[in-house]
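As given, the protein sequences belong to chains A and B, one line each in that order.
Going by my numbering, the first residue of the first sequence is number 1, and it counts up by one from there.
Going by my numbering, the first residue of the second sequence is number 1, and it counts up by one from there.
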Amino acid sequence: MNSRIRFLVPALMLLSTALPVHADNHTVSQVKKSFSVPVVKAKIGDTIEFRNDDDFAHNVFSLSDSQSFDLGSYKKGEVRSVKLATEGVIEVECAIHPDMKMKIEVKK
Amino acid sequence: MPARSSTQRFPLPLALLFCLLLMGAVVANESDPWLRPASAPAPADNLPNDARIALGEMLFFDPRLSRKANMSCASCHNPALGWSDGLPTATGFDMQTLARATPTIINTAFNPIQMWDGRKGTLEEQALGPIEAGGEMNMPLPEMVTRLKSIHGYAPKFEQAYPGLGISEITVARAIASYERTVLSTESPFDRWRKGEAQAIGDSARRGFELFTGKANCAICHMGYNFTDNGFHNIGVQDSAADVGRFAQRPLKSMRGAFKTPTLRDIALTGPYMRNGAYRTLMEVVEHYDRGGDDKTNLDINMTPLNLSPAEKADLVAFMESLTGAPRDVRVPVLPH
Numbered sequence: 001m002n003s004r005i006r007f008l009v010p011a012l013m014l015l016s017t018a019l020p021v022h023a024d025n026h027t028v029s030q031v032k033k034s035f036s037v038p039v040v041k042a043k044i045g046d047t048i049e050f051r052n053d054d055d056f057a058h059n060v061f062s063l064s065d066s067q068s069f070d071l072g073s074y075k076k077g078e079v080r081s082v083k084l085a086t087e088g089v090i091e092v093e094c095a096i097h098p099d100m101k102m103k104i105e106v107k108k
Numbered sequence: 001m002p003a004r005s006s007t008q009r010f011p012l013p014l015a016l017l018f019c020l021l022l023m024g025a026v027v028a029n030e031s032d033p034w035l036r037p038a039s040a041p042a043p044a045d046n047l048p049n050d051a052r053i054a055l056g057e058m059l060f061f062d063p064r065l066s067r068k069a070n071m072s073c074a075s076c077h078n079p080a081l082g083w084s085d086g087l088p089t090a091t092g093f094d095m096q097t098l099a100r101a102t103p104t105i106i107n108t109a110f111n112p113i114q115m116w117d118g119r120k121g122t123l124e125e126q127a128l129g130p131i132e133a134g135g136e137m138n139m140p141l142p143e144m145v146t147r148l149k150s151i152h153g154y155a156p157k158f159e160q161a162y163p164g165l166g167i168s169e170i171t172v173a174r175a176i177a178s179y180e181r182t183v184l185s186t187e188s189p190f191d192r193w194r195k196g197e198a199q200a201i202g203d204s205a206r207r208g209f210e211l212f213t214g215k216a217n218c219a220i221c222h223m224g225y226n227f228t229d230n231g232f233h234n235i236g237v238q239d240s241a242a243d244v245g246r247f248a249q250r251p252l253k254s255m256r257g258a259f260k261t262p263t264l265r266d267i268a269l270t271g272p273y274m275r276n277g278a279y280r281t282l283m284e285v286v287e288h289y290d291r292g293g294d295d296k297t298n299l300d301i302n303m304t305p306l307n308l309s310p311a312e313k314a315d316l317v318a319f320m321e322s323l324t325g326a327p328r329d330v331r332v333p334v335l336p337h
């Protein structure tokens, strides 16, 4: 029995490193000219979906060093997303409405 | 004692009058988003007081802040012309014609971002920009400080306003910002209507407000009491100068040719309109939006043709005219020597 466990533990550890980490989706709404949350905590590989719930266009972007993106202008009901590629803090804004700000904290 | 009928408690003529008032006017509401707050916000390190405002007033009207001592802030932000200059685009150093219109400073104290392209945040940051800009007052800031120190009458004014801080770029900026925070719109017919005065504006202006917030889609950018989203939009104004606008600050596709949404407060006083003074009248502005803009390159996706009737266009103009308040008394100060 003990020899089986001694075999099983390293095997399971090996398996756990070989399996892909489950990636999550996070949804952030833009409503009343604000982001629905000030901070999203996520990990590399996760996807952030930015959904426009306002009656006017938004343009979500980041020019952060850790990851930059420009989702362009899009109207109510549309969703545009970004996949997180790098560890760090991403400062996110709306280009059209610069008082709209939030952060994405990305861990490994 | 017999119970009285509801008609007795609230006589029919009064009930009818009440209904008519409701139809014609908005019941006063302290949280009405279309009504301006009583005062403008100020940073904790520059709370306004009489001495600061008085000093800022002097500096605002003092041409000695410009290199040739011939231009003051008020040369372009002229209170007699809606705190703008009445020109399509500004006139700068040595009478050169600049690329952009002079924005009014009415209510700019409420804006979290300043300048047509948003390159300045606070009023304190903004105040020194035109003074040192080569095309505008063209005054190196160290030279400005030296010159102000040579005008002996200024030292006690600065000491009273900012004890112990002396004459510096910082105190000049703070004083001018303090004065600008007093340049606020006065109560307009539109405000009185929002507060319940049914006849403060006419039927045409009332219909215009409905269009403004509805079919004409104006309020998606010109929103709230200051009629601005403090945002940036390319609205398709023809411009031979190919001004990139906000793109210089935020190099993103949608920001090429985008400019900050201006306030509509006192709009009847602040023409010509648009960031390059393209239009002389408010009707021309409405026609522009009715066409859905002219230059479609990188046009804001909110911009679409409106198909307004001539009567609807006139209603929109009547509404915008109702946003202009009574003139406020402006004092031109005697400057220190």
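Cβ coordinates follow ideal geometry from the N, Cα and C atoms, glycine included.
All figures in this text were calculated on a predicted structure; none of them were measured in a lab.
Residue from B:Ile-235, B:Asn-302 and B:Leu-316 whose Cα sits closest to the Cα of Ala-278 (chain B): Ranked by Cα distance from Ala-278 (chain B), the first of B:Ile-235, B:Asn-302 and B:Leu-316 is B:Ile-235.
Measure the alpha-carbon distance for Ala-258 (chain B) versus Trp-116 (chain B) and round it to whole angstroms. 9 Å
Partner residues on chain A for Asn-226 (chain B), Cβ-Cβ distance less than 8 Å: Under a criterion of Cβ atoms nearer than 8 Å, no residue of chain A is adjacent to Asn-226 (chain B); the nearest Cβ is some 13 Å distant.
Alpha-carbon to alpha-carbon, Phe-247 (chain B) and Lys-107 (chain A): Cα atoms of Lys-107 (chain A) and Phe-247 (chain B): separation of roughly 32 Å, rounded to the nearest angstrom.
On a CA-only basis, which of B:Leu-128, B:Ala-80 and B:His-222 is nearest Ile-170 (chain B)? Give me that one, please. B:Leu-128
Beta carbon of Thr-102 (chain B), beta carbon of Arg-328 (chain B): below 9 Å? no
So what's Phe-35 (chain A) in DSSP terms, helix, strand or just coil? Strand, per DSSP.
Mind checking if Leu-98 (chain B) is an interface residue toward chain A, Cβ cutoff 9 Å exclusive? no
Does the segment 259 to 273 of chain B come within contact of the segment 298 to 306 of chain B, defined as at least 3 CB pairs closer than 8 Å? With the cut-off at 8 Å, the segment 259 to 273 of chain B and the segment 298 to 306 of chain B do not touch.
Mind reading off the beta-carbon distance from Thr-261 (chain B) to Cys-221 (chain B)? Whole number of angstroms is fine, and I expect it under 8 Å. 5 Å
Those runs of the alpha helix (DSSP H) which lie wholly inside the segment 161 to 202 of chain B and span at least 4 residues: The qualifying runs are 169 to 180 and 189 to 194.
Sub-9 Å separation of Ala-198 (chain B) and Arg-52 (chain B) beta-carbons: no
How would you write the range of the alpha helix (DSSP H) that Tyr-74 (chain A) sits in, first residue to last? Tyr-74 (chain A) -> not in any alpha helix (DSSP H); beta strand (DSSP E) instead, spanning 68 to 74.
9 Å Cβ cutoff, Arg-119 (chain B) in contact with chain A: no
Min CB distance His-22 (chain A) to chain B below 9 Å: no
Can at least three beta-carbon pairs, one atom from the segment 314 to 327 of chain B and one from the segment 42 to 61 of chain B, be found at a separation below 8 Å? no
Taking beta-carbon pairs under 8 Å, can you tell me which members of the segment 286 to 320 of chain B lie near chain A? Asp-300, Ile-301 and Asn-302
Grouping DSSP H, G and I as helix and E and B as strand, with all else coil, what is Phe-56 (chain A)? coil
Go through its chain and collect everything with a Cβ distance to Arg-207 (chain B)'s Cβ below 7 Å, but skip five positions before and after it. Non-local beta-carbon contacts of Arg-207 (chain B) in its own chain, meaning distances under 7 Å to residues more than five positions away in sequence, involve Asp-315 in chain order.
Where Tyr-225 (chain B) sits in the DSSP three-state scheme: coil
Within 9 Å (strictly less), CB to CB, does Asp-99 (chain A) reach chain B? yes
Are the C-beta of Ile-104 (chain A) and some C-beta of chain B separated by less than 9 Å? no
Since Arg-64 (chain B) contacts Met-137 (chain B) with CB under 8 Å, what's their CB separation in whole angstroms? Beta-carbon to beta-carbon, Arg-64 (chain B) and Met-137 (chain B) are separated by about 10 Å, too far to satisfy the 8 Å threshold.
Taking Cβ-Cβ distances shorter than 7 Å, what residues in chain B pair up with Gly-72 (chain A)? Lys-253 and Ser-254
Reference Leu-191 (chain B); option with closest CA among B:Leu-47, B:Phe-319, B:Ala-42 and B:Pro-333: The sequence shown places Asp at residue 191 (chain B), rather than the Leu named in the question. Cα-wise, what sits closest to Asp-191 (chain B) is B:Phe-319.
Please list the partners that Asp-55 (chain A) has in chain B, where partner means a Cβ-to-Cβ separation under 8 Å. Result: Ile-220.
Per DSSP, Val-28 (chain A) is paired with what? A:Phe-50
So, under 8 Å CB-CB, Leu-282 (chain B) and Val-317 (chain B) are touching, yes? Tell me the CB distance rounded to an integer number of Å. Cβ atoms of Leu-282 (chain B) and Val-317 (chain B) come within 8 Å of each other, at about 5 Å.
Could you check what DSSP says for Arg-80 (chain A) in three-state terms: helix, strand or coil? In the structure shown, Arg-80 (chain A) sits in a strand (DSSP, three-state: E or B).
Give the residues from the segment 74 to 99 of chain A that approach chain B closer than 9 Å (Cβ to any Cβ), ordered along the chain. Tyr-74, Lys-75, Glu-93, Cys-94, Ala-95, Ile-96, His-97, Pro-98 and Asp-99
With DSSP as the reference, identify every bridge partner of Ala-73 (chain B), one or two as the case may be. The question names Ala, but residue 73 (chain B) is Cys in the sequence shown. In DSSP, Cys-73 (chain B) forms no bridge with anything.
Three-state secondary structure assigned by DSSP to His-288 (chain B): helix
Exposed or buried, what is Ser-68 (chain A) when buried is set at 16 or more other beta-carbons lying within 10 Å of its beta-carbon? Looking at its Cβ environment, which holds fewer than 16 other Cβ atoms inside 10 Å, Ser-68 (chain A) is exposed.
Whose C-alpha, out of A:Lys-33, A:Tyr-74, A:Glu-87 and A:Asp-55, is nearest the C-alpha of Gly-214 (chain B)? A:Asp-55
Does the CB of Gly-231 (chain B) have a neighbour CB from chain A at under 9 Å? It does: the Cβ of Gly-231 (chain B) has a partner Cβ on chain A nearer than 9 Å.
Listing by chain order, which chain E residues have their CB less than 7 Å from the CB of Phe-61 (chain A)? Absent from the structure is chain E; the protein chains it does hold are A and B.
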